[in-house]
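Student: Pasting a structure below so you can have a look.
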Amino acid sequence: EFRPEAEFGEIKSLIIITVPQPQYKVIFHWNNKEVPLIVPPTYLHGMAIIKEIKAFLTEILKPSGYNVEFARVPQKTLAVRVGLAEYGRNNITYVPGMGSFHRLSTFYSNFPYDQDEWQELQMMDLCKECSACVQKCPTGAIPTDRFLLRVERCLTFHNEHPGDIPFPDWIDPSWHNCLVGCMHCQKVCPANKKVINWVEPGPTFNEEETKLLLSRKSVEQLPEETRKKVEKYDLANYLNVYPRNLGAILNRE
1 EFRPEAEFGE
11 IKSLIIITVP
21 QPQYKVIFHW
31 NNKEVPLIVP
41 PTYLHGMAII
51 KEIKAFLTEI
61 LKPSGYNVEF
71 ARVPQKTLAV
81 RVGLAEYGRN
91 NITYVPGMGS
101 FHRLSTFYSN
111 FPYDQDEWQE
121 LQMMDLCKEC
131 SACVQKCPTG
141 AIPTDRFLLR
151 VERCLTFHNE
161 HPGDIPFPDW
171 IDPSWHNCLV
181 GCMHCQKVCP
191 ANKKVINWVE
201 PGPTFNEEET
211 KLLLSRKSVE
221 QLPEETRKKV
231 EKYDLANYLN
241 VYPRNLGAIL
251 NRE
């Protein structure tokens with residue numbers, strides 16, 4: 001049984017907030033060519049966003065004697081349950097005006113809130129007459145006969161695995177499209193029409209740095225200049241998967 005606890009004492013409410021977040025373009029140099037790769041929304045700067053939101057909420061609530069503490073809970077499910085977001089057919093959450101380009105954060109609080117606005121899990125109305133993501137997914141991970149993904153077919157499922165787990169033989173190298181994660185279904189989603197071109201520049205790695213990122217070195221083992229790039233853009237969390245993910249893409253070049 002899940003029993004949430006907070007340092008401030010009794011939890012009386014959950015506060016869930018989402019903020020817009022872009023894609024980031026990371027450029028690698030390889031064989032005298034530039035290889036640009038996307039990192040989808042939700043992967044980078046997670047802790048920084050949590051700290052900013054916590055500071056914002058604390059500034060509002062602390063003068064009245066209330067506290068907040070980050071909650072490690074199922075963010076997507078909660079967001080849909082309270083009506084902040086809706087599920088797409090691809091099991092990604094969408095928010096009006098942001099599409100799927102947003103990052104969710106939930107906080108425990110002792111702020112009293114008695115209204116119950118719990119909703120049933122549901123898919124966007126837009127999805128009922130649309131199959132763009134189903135048609136675009138190269139692995140067949142998005143079914144039409146059920147709501148849940150075939151997670152074992154999802155590219156994201158496989159490229160988020162620890163880096164020492166190789167890709168299954170059935171995955172065609174041409175399907176890879178991101179440094180981590182996948183954008184196939186999000187790119188064609190009509191709900192993302194207004195945000196799909198929102199791409200912010202990330203770091204550029206020269207050929208020597210690219211080789212280092214393929215060598216399974218830890219952040220501490222990287223040269224200072226390379227390490228600073230990795231840390232500035234919060235790329236360290238997935239450093240262990242880059243040799244496999246990046247290697248699969250560079251081998252196509």
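With full-length UniProt numbering applied, the sequence shown covers 1 to 253.
C-beta: ideal position from N, C-alpha, C; glycine also.
No experiment lies behind these values; they were computed from the predicted model shown.
(1) Glu34 lies in the beta strand (DSSP E); which residues open and close that run?
(2) Going by beta-carbon coordinates alone, are Tyr66 and Phe107 separated by less than 8 angstroms?
(3) Please name the residue, chosen from Val241, Asn91, Lys76, Thr42, that lies closest to Arg150 on a Cα-to-Cα basis.
(4) If you run the structure through DSSP and keep just helix, strand and coil, what is Arg103?
(5) Could you have a look at Pro168 and say whether DSSP puts it in helix, strand or coil?
(6) Quick check: what's the CA-CA separation for Met123 versus Ile142?
(7) How would you call Met47, buried or exposed, if buried means at least 16 neighbouring beta carbons within 10 angstroms?
(8) Expressed to the nearest angstrom, what Euclidean distance is found between the alpha-carbon atoms of Ala79 and Leu214?
(9) Please state the DSSP three-state secondary structure of Lys193.
(10) So who's on the other strand from Val241, going by DSSP bridges?
(11) With which residues is His29 paired in a DSSP beta bridge?
(12) Using 10 angstroms around the beta-carbon of Pro162, count the other beta-carbons present and answer buried if the total reaches 16, otherwise exposed.
Tutor: Well, looking at it:
(1) 33 to 39
(2) no
(3) Asn91
(4) strand
(5) coil
(6) 13 angstroms
(7) exposed
(8) 37 angstroms
(9) coil
(10) In DSSP, Val241 forms no bridge with anything.
(11) Glu34
(12) exposed
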